[in-house]
Structures are given as structure tokens and as C-alpha cells.
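Take the sequence shown: its letter number 30 is residue 30 in the UniProt record's numbering, and every next letter is one higher. Since the structure comes first, as C-alpha cells, the remarks are kept for the end.
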Amino acid sequence: MTERTAEFVRVAAADDIPPGTGKAVVVDGRRIALFNVNGTFYAIDDTCTHEEASLAEGALYGEIVACPKHGSRFHLPTGRVLSLPAVIPVNTYQVKVEDGHVLLLPVPQRGRGMPHKA
Ligand code: FES
1 MTERTAEFVR VAAADDIPPG TGKAVVVDGR RIALFNVNGT FYAIDDTCTH
51 EEASLAEGAL YGEIVACPKH GSRFHLPTGR VLSLPAVIPV NTYQVKVEDG
101 HVLLLPVPQR GRGMPHKA
């Protein structure tokens, strides 16, 4: 029996995601949104849990992204939903930067916390 261990994969050049912006990438068939918050990178599912808008296109407010379609806010470190109409958290992913590249571990971590509570 073989065991498959997930490894970090290179998903973007860090320079392609300036501070205060996001970018959608596809890893193992999943759409994942990367964000640069003042040099710290975060990754969450790109698809909003309300009506499937791309969260990478949402406005960033520190560690919070607002869905571009109806404005639900998600907390990037935990995936928690902070405001309606979405009520289901998004998955998060581990990311790191090495040699100017953003590396992502394609193992979803279930979004934490009850909706609407910071
Ligand atoms: S699609 Fe994101 S809040 Fe509706």
C-alpha cells in the first residue's frame, strides 16, 4: 500500500500579487484565491459559498475579503464568514513564499468558526 503525502506546489510569482490584491489559481482542479496582505500571503477557496462569485476579485480590508457579488466578508486566516448573505465558511490552505515564489499545500483546511462572529 502506498501513501501519498501532499507537497507544497509553486502557484505564482510573489511579484504577480502586489500587496492589497488577490489572484485566482487552479491547483489539482480546485480554484484557490491567493491574497497578499502587506507581504503576508493567504489562500482560501476562490468560490464564494453563497452564489459562487470569485473571491479573488473582491476588495481587501486587511485580513478580510468582501465578495464582489453581494458583499459577504470572509476572514482570510480562518475562512470564517463575517457577514450575510453567505453563511458557510470557506476552506483555507497553507502558503509560504520561497525564492520569490508562492508555494501552496493543496490540502483544504475546513473554514473555522460560526458565521457572523469575529
Ligand atoms: S456570491 Fe458571494 S455573497 Fe453572494
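Cβ atoms here follow ideal geometry from the backbone N, Cα and C, with glycine treated the same way.
Reduced DSSP secondary structure (H/G/I, E/B, other) of residue i
| i | result |
| --- | --- |
| A6 | coil |
| D45 | strand |
| L60 | strand |
| A53 | coil |
| A14 | helix |
| H70 | coil |
Selected residue, minimal CA-CA separation from residue i, among the options
| i | options | result |
| --- | --- | --- |
| L60 | V27, N36, R10, Q109 | N36 |
| E51 | S72, D16, P19 | S72 |
| T108 | A12, N38, I44 | A small correction: the amino acid at residue 108 is Pro; Thr does not occupy that position in the sequence shown. Residue I44 is the option with its Cα nearest to P108. |
| P89 | T49, V11, G62 | T49 |
| A6 | L55, Y93, P77 | Y93 |
| S83 | G29, R30, G113, A56 | G113 |
| A56 | V87, G39, L76 | L76 |
Spatial neighbours of residue i in its chain, beta-carbon cut-off 6 Å, leaving aside the 5 residues before and after
| i | result |
| --- | --- |
| A66 | G58, A59, R73 |
Own chain, CB closer than 7 Å to residue i, minus 5 neighbours either side, in chain order
| i | result |
| --- | --- |
| V9 | V27, L103, L104, P106 |
Nearest-angstrom Cβ-Cβ length linking residue i and residue j, presumed shorter than 8 Å
| i | j | result |
| --- | --- | --- |
| A33 | G22 | 5 Å |
| G79 | G111 | 3 Å |
Check: residue i C-beta below 7 Å from any heavy atom of ligand 1
| i | result |
| --- | --- |
| H70 | yes |
| A43 | no |
| P85 | yes |
| E57 | no |
| E7 | no |
| A53 | yes |
| H75 | no |
| H101 | no |
Spatial neighbours of residue i in its chain, beta-carbon cut-off 8 Å, leaving aside the 5 residues before and after
| i | result |
| --- | --- |
| I17 | K23, L34, F35, N36, F41, V102 |
| P19 | N36, V37, N38, G39 |
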